Structures are given as structure tokens and as C-alpha cells.
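K.L.:
First to last, the sequence lines map onto chains X and B.
Each residue of the first sequence is one higher than the last, beginning at 1 in the UniProt record's numbering.
Each residue of the second sequence is one higher than the last, beginning at 1 in the UniProt record's numbering.
No residue lacks a Cβ here, since even glycine has one placed at the ideal position from N, Cα and C.
Everything numeric in this text was worked out from a predicted model, so none of it was measured.
Protein chains: 2
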Amino acid sequence: MSTPPATEATADVAPCCVLGETIDDGLAHDLAKVFKALGDPTRVKLMSLIAGSSDGEMCVCDLTEPVGLSQPTVSHHMKLLVEAGLVAREQRGRWAYYRPTIDTLAAAAKALNA
Amino acid sequence: MSTPPATEATADVAPCCVLGETIDDGLAHDLAKVFKALGDPTRVKLMSLIAGSSDGEMCVCDLTEPVGLSQPTVSHHMKLLVEAGLVAREQRGRWAYYRPTIDTLAAAAKALNA
Numbered sequence: 001m002s003t004p005p006a007t008e009a010t011a012d013v014a015p016c017c018v019l020g021e022t023i024d025d026g027l028a029h030d031l032a033k034v035f036k037a038l039g040d041p042t043r044v045k046l047m048s049l050i051a052g053s054s055d056g057e058m059c060v061c062d063l064t065e066p067v068g069l070s071q072p073t074v075s076h077h078m079k080l081l082v083e084a085g086l087v088a089r090e091q092r093g094r095w096a097y098y099r100p101t102i103d104t105l106a107a108a109a110k111a112l113n114a
Numbered sequence: 001m002s003t004p005p006a007t008e009a010t011a012d013v014a015p016c017c018v019l020g021e022t023i024d025d026g027l028a029h030d031l032a033k034v035f036k037a038l039g040d041p042t043r044v045k046l047m048s049l050i051a052g053s054s055d056g057e058m059c060v061c062d063l064t065e066p067v068g069l070s071q072p073t074v075s076h077h078m079k080l081l082v083e084a085g086l087v088a089r090e091q092r093g094r095w096a097y098y099r100p101t102i103d104t105l106a107a108a109a110k111a112l113n114a
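1) Would DSSP call glutamate 90/X helix, strand or coil?
2) Report the residue from Cys59/X, Leu31/X, Met47/X whose alpha carbon sits nearest the alpha carbon of tyrosine 97/X.
3) How would you write the range of the beta strand (DSSP E) that alanine 28/X sits in, first residue to last?
4) Listing by chain order, which chain B residues have their CB less than 8 Å from the CB of methionine 47/X?
5) If you drop the 5 nearest sequence neighbours on each side, which residues of the same chain put their C-beta closer than 8 Å to that of proline 66/B?
6) Within the present structure, is the beta-carbon of alanine 108/B separated from the nearest heavy atom of the ligand GTP by less than 6 Å?
7) For the candidate residues Ala88/X, Ser54/X, Arg43/X, whose alpha-carbon lies nearest to that of leucine 27/B?
8) Check for me: the alpha helix (DSSP H) holding alanine 106/B runs from which residue to which?
9) Chain B partners of leucine 105/X, CB-CB under 8 Å?
10) Can you tell me whether glycine 68/X is buried or exposed, with buried defined as 16 or more other CB within 10 angstroms of its CB?
11) I think methionine 78/X touches arginine 89/X, with their Cβ atoms under 8 Å apart; what is that distance to the nearest whole Å?
12) Under 7 Å, Cβ to Cβ, is there at least one residue of chain B near isoleucine 23/X?
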């Protein structure tokens with residue numbers, strides 16, 4: 001996902017909120033998807049690891065031990081983070097590497113005036 | 001909830017992330033609770049309405065129409081937002097009033113480097 005849903009939609013939110021109107025269904029769905037992806041302690045841990053990585057990315061092979069889960073389980077969680085636009089995935093040889101997508105979460109939070 | 005879990009825990013996160021370690025179970029649980037509460041389009045809309053209210057608060061009686069749901073259903077959604085520390089509830093006579101809890105969402109996002 002090259003353009004995170006929350007990022008492109010953020011500009012539409014502030015004016016409607018100021019008027020006290022509800023945001024539209026499509027934007028509400030996109031924002032909920034971002035937050036829902038982080039509504040799980042394991043995915044919070046994975047996101048924290050990737051967002052805090054000194055290399056700017058992490059191999060799936062280095063994500064399994066810190067969360068104590070198998071690689072297929074970690075890959076499932078990572079798929080949800082990728083689909084929400086929170087991380088980007090790159091296959092390099094045998095391993096998948098993940099890096100944080102800048103601004104997706106920040107833009108989603110700002111869309112709710114946070 | 002007078003002290004949002006994400007706010008008090010934020011200071012613990014940055015150092016651990018820099019080292020590439022996982023955040024602890026308790027913090028991961030607290031953060032996931034905040035995000036999970038917003039992992040639903042209706043609650044995103046309700047949060048947007050309250051966060052964008054010109055009065056700084058909204059009566060439950062004014063939240064039903066914008067989301068097209070009954071008051072019991074809206075109250076159920078609001079209960080989850082209150083439990084996550086995202087809004088504060090005050091009963092005033094017949095109606096409940098909700099105001100956004102400053103910084104809960106912003107702190108949760110920052111805890112993940114967003």
C-alpha cells in the first residue's frame with residue numbers, strides 16, 4: 001500500500017469536526033482499520049520493535065524471539081499491520097523485512113484531533 | 001479513569017524501543033486497549049464528534065442522530081471509549097455528557113514513535 005488511507009484523508013477531517021458533523025463512512029472505516037490493527041498487544045509490540053529499530057527496518061527473523069511466537073504467527077500479525085498501512089514489507093531473498101510507514105498513525109490520531 | 005494508561009506509561013517506551021527490545025506486557029495491553037477502542041467506524045465517528053465539539057463536550061442526546069444509532073447502542077460504544085481513557089463521562093441530570101481526555105490518543109501514538 002503506497003498511500004496510507006489515513007494520510008490522504010486527513011485534510012478532510014478538521015473542517016467537518018469543527019462544525020460538529022460526523023466524518024463520512026469511508027474515512028471512518030479507514031481510520032478504524034489503522035487503529036484496529038494496533039488493537040492487539042502482540043501487534044503493539046511488533047510495531048514498537050519496528051518503529052524503534054536502529055536500522056529503520058527489521059527482518060521477520062528478528063521479530064519472533066521478542067514476542068515469543070512462531071514465524072507464521074508473526075507473519076499473520078505483520079500482514080494486518082501492512083494492510084493497515086502502518087508498515088511496508090519488502091521480500092529480500094529468504095526473509096521479509098519491515099519498516100514503519102511514516103505518518104500513518106500520527107495522521108490517524110490527528111484526524112481525531114489528538 | 002483519571003489517569004489514562006497510555007499517558008503514564010509513555011516515558012517507559014522510548015528507551016526500550018531504541019534498544020530494539022519489546023515493550024512489556026502491561027504497557028502493550030494498555031496501548032492495545034486504547035487503539036482497540038477506536039478500531040470500529042462508529043466509535044471513530046463518535047470520538048471525532050466529541051473531539052471536534054465547539055463546546056468541548058457533547059450530550060449523548062446529540063450523538064445518536066449523527067451516527068444513526070439508538071441511545072443504548074451509542075452508550076455502549078461510549079462505555080468502551082471511557083474505559084480506554086479516551087473520553088470522560090459526566091452525568092448531569094437526565095443526560096450523560098462526554099468530553100475528550102486530552103493526550104490519551106496522542107500519547108499512545110507517540111509510544112509507538114508516531
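P.N.:
In brief:
1) Taking the first residue of the first sequence as position 1, residue 90/X is located at position 90. Residue state, collapsed to three classes: strand.
2) Mapped onto the first sequence, residue 97/X falls at position 97. Considering only alpha carbons, the answer is Cys59/X.
3) Along the first sequence, read from residue 1 onward, the residue named residue 28/X stands at position 28. No beta strand (DSSP E) contains alanine 28/X, which is instead part of the alpha helix (DSSP H) from 25-37.
4) Taking the first sequence and counting its residues from 1, the one referred to as residue 47/X is at position 47. Neighbours of methionine 47/X on chain B, chain order: Leu112.
5) Locating residue 66/B in the second sequence gives position 66, where the first residue counts as 1. For proline 66/B, where only same-chain residues beyond five positions count, the Cβ hits under 8 Å are Lys45, Leu49.
6) Ligands displayed in this structure: none; no statement on the ligand GTP is therefore possible.
7) Here residue 27/B is taken as the residue at index 27 of the second sequence, counted from 1. Selected option, being the one with the closest Cα: Arg43/X.
8) Along the second sequence, one-based indexing puts residue 106/B at 106. For alanine 106/B, the uninterrupted alpha helix (DSSP H) segment begins and ends at 104-111.
9) Translated into the one-based positions of the first sequence, residue 105/X becomes position 105. Among the residues of chain B, those whose CB is under 8 Å from the CB of leucine 105/X are Ala109, Leu112, Ala114, following chain order.
10) Reading the first sequence from its first residue, position 68 is the one you call residue 68/X. Label assigned to glycine 68/X: exposed.
11) Along the first sequence, read from residue 1 onward, the residue named residue 78/X stands at position 78. Along the first sequence, read from residue 1 onward, the residue named residue 89/X stands at position 89. Indeed they touch by this definition, with Cβ atoms about 7 Å apart.
12) Working through the first sequence from its first residue, we reach residue 23/X at position 23. Yes, its Cβ sits closer than 7 Å to a Cβ of chain B.
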